[in-house]
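Residues 0 to 155 (numbering that gives the first Met the number 0) are what the sequence shown spells out, left to right. In this text, a Cβ means the ideal position worked out from N, Cα and C, and glycines have one as well. Source: prediction; values computed, not measured. Notes follow the structure.
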Amino acid sequence: MTIARKLQHYIETEGIDYDTVPHHRTATTSQTAEAAHVPGNRLAKSVVVHHEMGYVLAVVPATHRVELSTLQDVMNRRLGLASEEEVSTLFSDCEIGAVPPIGSAYGVPVILDESLDKANDVYFEGGDHRTLVHMSGTSFRNLTRDAQVARFSHPG
């Protein structure tokens, strides 16, 4: 697999320039950053959460952890982590743990941690554990233009 079909179609339809960074298969985002030789604070990690009305993609740097209680306060909703089955259904062309942060390609709203909002360039999983997508921060912000931006993570 390279990048997921839905993601690739969406990025190309939006006219966004990007490149891919291949790396050996990894199990964690910190391993991915190391294997691909990219800064962890520029590697966007997606966490799928659910609430009574549906799902949302919480996007944070690989060097951070989502503070679920803070995210609940920001969204004013009770949240839980989506199950692997739910994630597989929503992101059917992606491997578990390699969900891209471009929720609009999948009809899933995004909430973006403010620590990623000003990055000069951004890397993220393209749907598998062997390929990163790389684009300018401006392009990333264009693809996540409908995202709510807030602080809901901490380093760690």
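For residue i, write down the residues that DSSP places opposite it in a beta bridge.
| i | result |
| --- | --- |
| residue 18 | 133 |
| residue 79 | 49 |
| residue 109 | 56 |
| residue 9 | According to DSSP, residue 9 bridges with nothing at all. |
| residue 123 | 43, 132 |
CB residue i to CB residue j, shorter than 8 angstroms?
| i | j | result |
| --- | --- | --- |
| residue 34 | residue 27 | no |
| residue 48 | residue 54 | yes |
Skipping 5 residues on each side, what residues in its chain have a beta carbon closer than 6 angstroms to that of residue i?
| i | result |
| --- | --- |
| residue 150 | 113 |
| residue 111 | 58, 143, 146, 148 |
Which class does residue i belong to by DSSP, given the choice of helix, strand or coil?
| i | result |
| --- | --- |
| residue 64 | strand |
| residue 151 | coil |
| residue 37 | coil |
| residue 145 | coil |
| residue 90 | coil |
Between the C-alpha atoms of residue i and residue j, what's the straight-line distance to the nearest angstrom?
| i | j | result |
| --- | --- | --- |
| residue 38 | residue 115 | 12 angstroms |
| residue 87 | residue 105 | 12 angstroms |
| residue 121 | residue 19 | 11 angstroms |
Near residue i, which residues of its chain fall below 7 angstroms by C-beta distance, leaving aside the five closest residues on each side in sequence?
| i | result |
| --- | --- |
| residue 69 | 151 |
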